[in-house]
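Let me begin by presenting the structure, written as structure tokens, before commenting on it.
In our numbering, the protein residues as written are 996 to 1085.
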């Protein structure tokens, strides 16, 4: 018999996987969870600027004090003024 092995194969091959997929009801896809939680709602720009100013207030206060000390030492050069303002090592 020529090609005897092919006689046992059906004309259209179907794997067991495709047969089970056709009989199973389709499940809805679950939404993917984000690793970063989303913040909902609009942020008021003015409120955001005020929060930033409050957060960095200590830096602004320090710069104001530094500028005041530099102006008080107006007669000195920049390098001399920096040396007089520089803190002692702890």
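Yeah, the Cβ is synthetic: ideal placement off N, Cα and C, and Gly gets one too. Just so it is clear, the structure is predicted and the values come from calculations on it, not from any experiment.
- In the three-state reduction of the DSSP assignment, residue 1039 falls in the coil class.
- A direct Cα-to-Cα measurement between residue 1057 and residue 1049 gives close to 14 Å.
- Judged by DSSP secondary structure, residue 1055 falls within the alpha helix (DSSP H) whose first and last residues are 1052-1067.
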